[in-house]
Amino acid sequence: MEVINKDSVILRMAKKTKRLNVEALAKKAILNNKQDLIDLNTDMLRQGKNEDGNNEIYQSLDYAEYKKELPTYFAPYPTVDLYNTGDYQAKKILKIEGSNVSFPSTDTKNDDLTDRYGEGIEGLNPKSMELARDIVTPDFNKYLHELLR
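No gaps in the numbering here: position 42 of the sequence shown is 853 in my numbering, and each next residue is one more.
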């Protein structure tokens, strides 16, 4: 007589956890929410913030005055918003390397802007990162639950 039921739910779940790949589940959840995450980055930039939460100030006050008059300028004056024609932000992509996520742009200005303003324009600030977790976590939990069923 078997004392332990080999078909118990707990034993089945334990077997499934051996093949659990948390990184793959996280990547799947991130990719499922790709556009929302890219939007967090571009919204952050439009507010004049980088991943540190800092604002860059326009070096040319004439250009800052010009930007202030545009209906597409939402950042606090004279903060850089990295938006002129919209091409740079429209071409943002999601890049996953290991456990790091970044948002470079395929626009030709990407290298120049990154050189000028730093790699912080490709990340998320703490507030945006918290929102990103709120977006991705439900899908991650759903995928984990499906795997463990």
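All C-beta atoms, glycine included, are put in the ideal place defined by N, C-alpha and C.
Q. Excluding five sequence neighbours on each side, which residues of the same chain lie with their C-beta closer than 8 Å to the C-beta of I849?
A. K903, I904, L905, F914
request  = In the DSSP assignment, find the alpha helix (DSSP H) that holds N843 and state where it starts and stops.
outcome  = Per DSSP, N843 belongs to the alpha helix (DSSP H) from 833 to 843.
Quiz item: Between which two residues does the beta strand (DSSP E) containing K903 stretch?
Solution: Premise fails: K903 is in no beta strand (DSSP E) and is neither H nor E.
Tell me the residue span of the alpha helix (DSSP H) that contains S913. That residue, S913, is in no alpha helix (DSSP H); its beta strand (DSSP E) goes 911 to 913.
Quick check: T890 and E867, are their CB atoms within less than 8 Å of each other?
Going by C-beta atoms, T890 is nearer than 8 Å to E867.
Next item on the list: Assign G897 to buried or exposed, taking buried as 16 or more other Cβ atoms, counted over all protein chains shown, within 10 Å of its Cβ.
Entry: exposed
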